[in-house]
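Participant:
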Amino acid sequence: LMIDKKIEIETCLKDGSYVKPNDTCMIIKGDAKSILMAERVALNFAGRLSGIATMTSAFVAETKGTKAKISCTRKTTPGLRLVEKEAVRHGGGSSHRFGLNDAIMIKDNHIAAAGSIQKVLESARNYASHMTAIEIEVDTLNQLEQVLNYGGADVVLLDNMTNEDMLSAVKMVNGTMVVEASGNMTLDRISSVASTGVDFISVGGLTHTVINFDLGLDF
Numbered sequence: 007l008m009i010d011k012k013i014e015i016e017t018c019l020k021d022g023s024y025v026k027p028n029d030t031c032m033i034i035k036g037d038a039k040s041i042l043m044a045e046r047v048a049l050n051f052a053g054r055l056s057g058i059a060t061m062t063s064a065f066v067a068e069t070k071g072t073k074a075k076i077s078c079t080r081k082t083t084p085g086l087r088l089v090e091k092e093a094v095r096h097g098g099g100s101s102h103r104f105g106l107n108d109a110i111m112i113k114d115n116h117i118a119a120a121g122s123i124q125k126v127l128e129s130a131r132n133y134a135s136h137m138t139a140i141e142i143e144v145d146t147l148n149q150l151e152q153v154l155n156y157g158g159a160d161v162v163l164l165d166n167m168t169n170e171d172m173l174s175a176v177k178m179v180n181g182t183m184v185v186e187a188s189g190n191m192t193l194d195r196i197s198s199v200a201s202t203g204v205d206f207i208s209v210g211g212l213t214h215t216v217i218n219f220d221l222g223l224d225f
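Position one of the sequence shown corresponds to residue 7 (my numbering), numbered consecutively onward.
What follows is the structure in structure tokens.
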């Protein structure tokens, strides 16, 4: 439509629909020159976003029978975060933070800069309003124990933990915080990670390591 406002588009499938080979996604009517000018850019966008939705759907399927939800991250293509996160949603996933202002997320560098887990949590809670959620990243059970002893966090992110440690972490938290797993979350281990009892599994690869969906345009 940006190329030629006279082009007519008829969608044949809703967002999030499953497709089979040779299915028609949409019908485009208009000047052939205009359509051909826009073809590659349109297919690039549609293929990438459909690839994100398809990959998300595969990850979501691996969580069946558990409470775990698949979440994407801020590791998105510059300028395309809104549509890429929407593609994740159509694939059955959810979104982590959209931007830095959505919540406070304390990572290892923040802990190092503050000097300790207690100090960084104290600083975050003093800064945040009562409406702002605080998440803290831990990579050992010892760090998790410190978080639990001090309090102040709403969500804990288990970073690159083994499944055994994640299982122990979920038991330690015992429902007092939302538990998120992250780090090297490949499709082949999602089922076992989900079975540990975590609430969310964040997967950066949903948006930064995408296999484009094979779409074409035929006259």
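Every residue, glycine too, gets a C-beta built ideally from N, C-alpha and C.
(1) For the alpha helix (DSSP H) containing valine 209, list its first residue and its last residue.
(2) Give me, in chain order, the residues of the same chain whose beta-carbon lies closer than 8 Å to that of isoleucine 112; leave out the 5 immediate sequence neighbours on both sides.
(3) How many Å lie between methionine 191 and glutamate 45 at the Cα?
(4) Would you mind reading off the limits of the alpha helix (DSSP H) that contains alanine 134?
(5) Less than 8 Å between the beta carbons of aspartate 10 and serine 40, yes or no?
(6) Please classify leucine 42 as buried or exposed, where buried requires at least 16 neighbouring CB atoms within 10 angstroms.
(7) Beta-carbon separation of methionine 167 and aspartate 145 under 8 Å?
(8) Specify the secondary structure class of valine 144 as computed by DSSP and reduced to three states.
(9) Go ahead and label serine 122 buried or exposed: buried means 16 or more other beta carbons lie within 10 angstroms of its beta carbon, across all protein chains shown.
(10) Pull up the distance between the alpha-carbon of arginine 95 and that of tyrosine 156, whole angstroms please.
(11) How would you label histidine 102, buried or exposed, when you count the other beta carbons within 10 angstroms and need 16 or more for buried?
(12) Using only the alpha-carbon positions, how far apart do phenylalanine 65 and glutamate 16 sit?
(13) With DSSP as the reference, identify every bridge partner of leucine 163, one or two as the case may be.
Facilitator: Short version:
(1) Here valine 209 belongs to no alpha helix (DSSP H), and DSSP marks it neither H nor E.
(2) For isoleucine 112, the CB contacts under 8 Å within the same chain, skipping 5 residues up- and downstream, are Val126, Leu127, Ala130, Ile140, Glu141, Ile142, Glu143, Ala159 in chain order.
(3) Taking the Cα positions, methionine 191 is about 34 Å away from glutamate 45.
(4) In this chain, alanine 134 is not harboured by any alpha helix (DSSP H), its DSSP state being neither H nor E.
(5) Taking 8 Å as the cut-off, the beta carbon of aspartate 10 is found closer than this to the beta carbon of serine 40.
(6) By the neighbour-count definition (other C-beta atoms within 10 Å, threshold 16), leucine 42 is an exposed residue.
(7) The Cβ atoms of methionine 167 and aspartate 145 sit closer than 8 Å to each other.
(8) In the structure shown, the three-state DSSP call for valine 144 is strand.
(9) Flag for serine 122 reads exposed.
(10) Cα-Cα distance, rounded: 35 Å.
(11) When all chains shown are included, histidine 102 counts as buried.
(12) The alpha-carbon atoms of phenylalanine 65 and glutamate 16 are separated by roughly 30 Å.
(13) Under DSSP, leucine 163 forms a beta bridge with Glu143, Glu186.
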